[in-house]
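Some notes on the structure that comes next.
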Amino acid sequence: MRVAVVGTPNVGKSTLFNELTGLQQRVGNFPGVTVEPLVGRITEGATSVELIDLPGIYGMVATSEDERLSIDVLAGRHPSIQAPDAILLVMNASAPEKCLVLFSHLSQLGLPMIIASTMVDTVKGRGGVFDDITLSHALGVPVHAVVGRKGIGVGDLRDGLLRAEWSVPKAVVDLDADIVKRFAWSRSVCADVLVEGKADTRSARLDAVLLHPVWGTLTFIVVMGLFFQSIFTWAQPLMDLIDAGVGSLQALLEQSISNPLLASFVINGIIGGVGSVVVFLPQILLLNLLVTFLEECGYLARAAFLVDRAMGLFGLQGRSFIPLLGSFACAIPGIMSARIIPSYRDRMATIMATPLMTCSARLPVYLLLIGAMIPATTVLGVFSLQAVVMASLYAAGAVSGLLIALVLKRTMFRGGAVPFLIEFPPYRLPSAKSIGVTMVNRSKDFLTTAGTVILGFSIALWILTELPRADVSGAVSPVDASRIQIEQSYAADLGRTIQPVFEPLGFDWRVTLGIISSFAARETFVAAMGQIYASDVQESDTQLREVLRARYPLSVGLSLLAFYVFALQCISTMAIMKRETGSWKWPAIAFVITFVLAYVSAWIVGILSR
Amino acid sequence: MKPETRNLKPETCFRIFGFSPNKHMKPLHTCPVGTQCRILSVTGDDSCVRRANELGLVEGVCCSIERRAPFDGPVEISMGRSRLGVRLGNELSILVEVLDAAHQQLMRRQNTAANVG
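For the protein sequence lines, the chains are V and H, in the order given.
Each residue of the first sequence is one higher than the one before, counting from 5 in this note's numbering.
Each residue of the second sequence is one higher than the one before, counting from 891 in this note's numbering.
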């Protein structure tokens, strides 16, 4: 049995879905689907019901890509997802009008239906009444009153689904009824089944502050500041722990594997490569925790309302703010959090802009190059020139990212405008279980990507940088040995081969080699330069700066900085982009756009500073 | 009311002549915060109008303007149980009739009647 879980947005559909299926769910793997619906399963004995969580809809005409998926599946038009046998309509008891309008559309499909009416506790809490029995008679289908976030009534609903207690709904409106007629019908039903009780004064009082032009904006800045700070600092202890774990695992293996080539492959290629990405797991967990919490408690809709004007300047909508802000820590969790943007076009434009936000992996590169190349003088008496350069690099990244989003929205993602129209749900405490399930699922997604695509890439990079093995006799020191190794590797050959491409920028083959190796992660550039110039970067950062300062003119340093502002030098980001957009086309386009941008700006900067 | 505008739809009249046939009628985004009004028409991009309708912004519905986001941003509208943030502009424009005290009283009476009946 296949049951489609349908509802209007903001009715607590995903909370109910998570409560119903728990961890018995997976991302539906349907070919050619960019919006991947979750598929969950409930079983008892021999009976088993498959639930497909479809994106929220309001009617049977699609406005966005996500809605098209839901509508195509329901109408049986979808090429790869079978039409469901029945519908589970989730409706919000405290605001049922829109849900009933959706019901009037769904009833015309002729599919059997069962209704779960959530948030009955909200109605009761306000001193109101929701009459599910009268509603059930009026619609001709069973109605289950549930409280999704407390799990009340979910057991009955589960039994109802397992026993297939659904029925084909009555015809409630004419086939060709317009929206005004449907709303009139819906309001008349609401008047029969719902007494509202007193108004939601808590939300009104909170909004008086949280949406206030001054206090609301201040709160927004504080919330976003905390949000940003927490990704950076709270995740750090856990990230250090993973780092230390990976390090001790490497040390352990170093002792136990005697063959040096195999040891290097396992330690640097597999564990080092994947470890450098798994390190981001705490950030991803934390960002998802915060985003899901903000979304479910109702603040995200308000935050989107406040910044919508600013984001609108770049053709984006208020919700794009969160992924873009998160990308200043790391583009990987940033791209994953873009799922909160309901419109497909806005989501894609946002995802394409995220890699240009200056992530924390660029910081070591910036610090090294600025320390080496920019004189430590002050400008205008107070500002350090190095700090000014650093700030302008951040600004250049952010502005260019937003401009790319604007251009893409005007060209590639053009089309029927998806208006900015959001509902403000009442403030409520989110369900811990639902947030937990979401976090576990996102982490699974991430680890799968890290275990497959990113593993493959890190092995390829290991082969490039560590093979063929150089003959290093015992006389040289370890740092010299690694210098000799990298100078004789395939990567060095590759660096020399493609160096002419970077010739106009003034990059020699060593810098080119550094750029190639930094595909693993941008900060690898520092390690690679250290390796090439045989200086132990861990111990003496300043030594490497001295070497670089002596070897390269200022123009090369500035060009390199300009290059790193834009270039999408990160295979993990591209792998996650592929994961979230469903095709390699998008990471490829992003790579080309950013590479051209990086190259041209590095060239211009080089010419200007020469 | 000028005779030639009598048979026009309100939004057409507003578009062509730049004034409304009814002195209370105006675009929603020009109303100050706190205005009680009734929606007369929703026009603009097809998809925007459809979405606005689906969210309950349909002809004849009473709503009030709660607040405006800073820097001329979106407007918050409340209608009965639901509250919406809406960006008004070329893609979506809403013409409303501003309700005076007597109107509001009438609407309240209709609402109560609907809830009791």
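Beta carbons are placed, not taken as given, at the ideal position from N, Cα and C, and that holds for glycine.
Everything numeric in this text was worked out from a predicted model, so none of it was measured.
Check your understanding: Rounded to a whole number of angstroms, what is the C-alpha to C-alpha distance between V:G279 and V:A524?
Key -> Taking the first sequence and counting its residues from 1, one reaches residue 279 of chain V at position 275. Taking the first sequence and counting its residues from 1, one reaches residue 524 of chain V at position 520. If you take the alpha carbons of V:G279 and V:A524, they lie about 11 angstroms apart.
Practice item. Mind listing the chain V neighbours of H:V948? Cutoff is C-beta to C-beta under 7 angstroms, in chain order. Key: Taking the first residue of the second sequence as position 1, residue 948 of chain H is located at position 58. Correct list: I183, V184 and F187.
Check your understanding: Counting along the chain, where does the alpha helix (DSSP H) carrying H:Q926 start and finish?
Key -> As a first step, residue 926 of chain H must be located in the second sequence, where it is residue number 36. Where H:Q926 is concerned, there is no enclosing alpha helix (DSSP H), although the beta strand (DSSP E) it sits in stretches over Q926 to G934.
Point to revise | Beta-carbon contacts of V:K202 that lie in its chain and below 7 angstroms, excluding the five residues immediately before and after | key: Translated into positions along the first sequence, residue 202 of chain V becomes position 198. Counting only Cβ-Cβ distances below 7 angstroms, and skipping sequence neighbours, we find R130 and G131.
Exercise for review: Taking 8 angstroms as the cut-off, decide whether the C-beta atoms of V:I624 and V:F297 are in contact.
Suggested key: Outside the displayed span of chain V (5 to 614) sits residue 624 of chain V, for which this structure offers no information.
Point to revise | Test: V:V65 CB closer than 8 angstroms to a CB of chain H | key: Numbered from 1 along the first sequence, position 61 holds the residue referred to as residue 65 of chain V. With 8 angstroms as the cut-off, V:V65 counts as an interface residue toward chain H.
**Study point:** Spatial distance of V:V383 from V:A391 (CA atoms)
**Key:** Position 379 of the first sequence holds residue 383 of chain V. Position 387 of the first sequence holds residue 391 of chain V. Cα to Cα, V:V383 sits roughly 10 angstroms from V:A391.
Practice item. Spell out whether any CB of chain V is found under 8 angstroms from the CB atom of H:R998. Key: Looking up residue 998 of chain H in the second sequence gives position 108. It does not: the Cβ of H:R998 has no partner Cβ on chain V nearer than 8 angstroms.
Practice item. For the segment 955-969 of chain H and the segment 205-222 of chain V, state whether three or more C-beta atom pairs, one from each stretch, are separated by less than 8 angstroms. Key: Short answer: they touch.
Practice item. Give me the Cα-Cα distance between V:A594 and V:L360, rounded to the nearest whole angstrom. Key: Numbered from its first residue, the first sequence carries residue 594 of chain V at position 590. Numbered from its first residue, the first sequence carries residue 360 of chain V at position 356. Looking at the two C-alpha atoms, the distance is approximately 10 angstroms.
Check your understanding: Going along the chain, which residues of its own chain have a beta-carbon closer than 6 angstroms to the beta-carbon of V:A602, five neighbours each way excluded?
Key -> Locating residue 602 of chain V in the first sequence gives position 598, counting from the first residue. Contacts found: F567, F570 and A571.
Point to revise | Assigned exposure category for V:C301 - 16 Cβ within 10 Å defines buried | key: Residue numbering aside, residue 301 of chain V sits at position 297 when the first sequence is read from its first letter. By the neighbour-count rule (16 or more Cβ atoms within 10 Å), V:C301 is not buried but exposed.
Review point. With 16 as the cutoff for other CB atoms within 10 Å, does V:N14 come out buried or exposed?
Key: As a first step, residue 14 of chain V must be located in the first sequence, where it is residue number 10. V:N14 counts as buried, since at least 16 other C-beta atoms from the protein chains shown sit within 10 angstroms of its C-beta.
Review point. Under the three-state reduction of DSSP, which class applies to V:T528: helix, strand or coil?
Key: Here residue 528 of chain V refers to the residue found at position 524 of the first sequence. Correct three-state label for V:T528: helix.
Practice item. Flag this pair as yes or no: are the beta carbons of V:I46 and V:R153 separated by less than 8 angstroms? Key: Here residue 46 of chain V refers to the residue found at position 42 when the first sequence is read from its first residue. Here residue 153 of chain V refers to the residue found at position 149 when the first sequence is read from its first residue. Contact flag unset, no.
**Study point:** C-alpha gap between V:I288 and V:F332, whole angstroms
**Key:** Walking along the first sequence from the start, residue 288 of chain V turns up at place 284. Walking along the first sequence from the start, residue 332 of chain V turns up at place 328. Cα-Cα distance, rounded: 13 angstroms.
**Study point:** For V:P591, three-class secondary structure by DSSP
**Key:** For the purposes of this step, residue 591 of chain V is taken as residue 587 along the first sequence, with counting starting at 1. It is helical.
Practice item. For the beta strand (DSSP E) holding V:H148, just list the boundary residues, first then last. Key: By 1-based counting over the first sequence, the position of residue 148 of chain V is 144. Start and end: V147 to A149.
Exercise for review: Return the CA-CA distance between V:T19 and V:S438, expressed in angstroms with no decimal places.
Suggested key: As a working note, residue 19 of chain V is residue 15 in the first sequence. As a working note, residue 438 of chain V is residue 434 in the first sequence. Spanning the two alpha carbons is a distance of roughly 5 angstroms.
Point to revise | Three-state class that DSSP yields for V:C103 in the structure shown | key: Indexing the first sequence from 1 puts residue 103 of chain V at position 99. The answer is helix: DSSP assigns V:C103 an H, G or I state.
Check your understanding: To which residues of the same chain is V:P472 closer than 6 angstroms at the C-beta, ignoring the five residues directly before and after it?
Key -> Taking the first sequence and counting its residues from 1, the one referred to as residue 472 of chain V is at position 468. Taken in chain order, the list of residues that qualify is empty.
Exercise for review: Take V:I463 and list the residues in its own chain whose beta-carbon comes closer than 6 angstroms to its own, dropping the five residues that flank it on each side.
Suggested key: By 1-based counting over the first sequence, the position of residue 463 of chain V is 459. Cβ neighbours of V:I463 beyond the five flanking positions: G273.
Exercise for review: For V:A90, write down the residues that DSSP places opposite it in a beta bridge.
Suggested key: Counting from one through the first sequence, the residue named residue 90 of chain V turns up at place 86. Per DSSP, V:V7.
Review point. For V:N96, which beta-bridge partners are listed by DSSP?
Key: On the first sequence, position 92 is the one that residue 96 of chain V refers to. For V:N96, which the question treats as bridged, DSSP gives the partners V:T122.
Check your understanding: Start and end of the alpha helix (DSSP H) containing V:G561?
Key -> Working through the first sequence from its first residue, we reach residue 561 of chain V at position 557. Where V:G561 is concerned, the enclosing alpha helix (DSSP H) stretches over L558 to F570.
Review point. For the alpha helix (DSSP H) that contains V:P241, what are its first and last residues?
Key: Position 237 of the first sequence, counted from the start, is the residue given in the question as residue 241 of chain V. Its alpha helix (DSSP H) spans residues A239 to S260.
**Study point:** Distance cut-off 7 angstroms: H:M969 Cβ against heavy atoms of the ligand FMN
**Key:** Because no ligand of any kind appears in the structure shown, any question about the ligand FMN cannot be addressed here.
Review point. Just reading off the beta strand (DSSP E) that V:C301 is part of, what are its end residues?
Key: In the first sequence, the residue the question calls residue 301 of chain V occupies position 297. Counting along the chain, V:C301 falls outside any beta strand (DSSP E), though it belongs to the alpha helix (DSSP H) covering L285 to C301.
Check your understanding: Do you know offhand how far H:L974's Cα is from H:R941's?
Key -> Counting from 1 along the second sequence, the entry for residue 974 of chain H is found at position 84. Counting from 1 along the second sequence, the entry for residue 941 of chain H is found at position 51. If I take the Cα positions, the gap works out to 12 angstroms.
Check your understanding: When burial is assigned at 16 or more other CB atoms within 10 Å of the CB, is V:S84 buried or exposed?
Key -> Reading the first sequence from its first residue, position 80 is the one you call residue 84 of chain V. Classification of V:S84: exposed, given that the 10 Å Cβ count is below 16.
Review point. What is the DSSP secondary structure of V:C574, counted as helix, strand or coil?
Key: Position 570 of the first sequence, counting from 1, holds the residue named residue 574 of chain V. Of the three classes helix, strand and coil, the one that applies to V:C574 here is coil, per DSSP.
Point to revise | Check whether V:M117 and V:I91 have beta carbons under 8 angstroms apart | key: Position 113 of the first sequence, counted from the first residue, corresponds to residue 117 of chain V. Position 87 of the first sequence, counted from the first residue, corresponds to residue 91 of chain V. Remark: C-beta atoms of V:M117 and V:I91 approach each other more closely than 8 angstroms.
Review point. Where does the unbroken alpha helix (DSSP H) through V:V281 begin, and where does it stop?
Key: By 1-based counting over the first sequence, the position of residue 281 of chain V is 277. Per DSSP, V:V281 belongs to the alpha helix (DSSP H) from G277 to V282.
**Study point:** Local conformation of V:E543 per DSSP, three classes
**Key:** Walking along the first sequence from the start, residue 543 of chain V turns up at place 539. No answer about V:E543 holds up, because its pLDDT of 46 lies below 50 and its placement is not dependable.
Exercise for review: Tell me where the beta strand (DSSP E) around V:G144 begins and ends.
Suggested key: Residue numbering aside, residue 144 of chain V sits at position 140 when the first sequence is read from its first letter. First-last for V:G144: undefined, no H or E at that position.
Exercise for review: Look at the alpha carbon of H:H919 and the alpha carbon of V:R553, and state the distance between them as a whole number of angstroms.
Suggested key: Counted from its first residue, the second sequence places residue 919 of chain H at position 29. Counted from its first residue, the first sequence places residue 553 of chain V at position 549. Approximately 59 angstroms between the Cα atoms of the pair.
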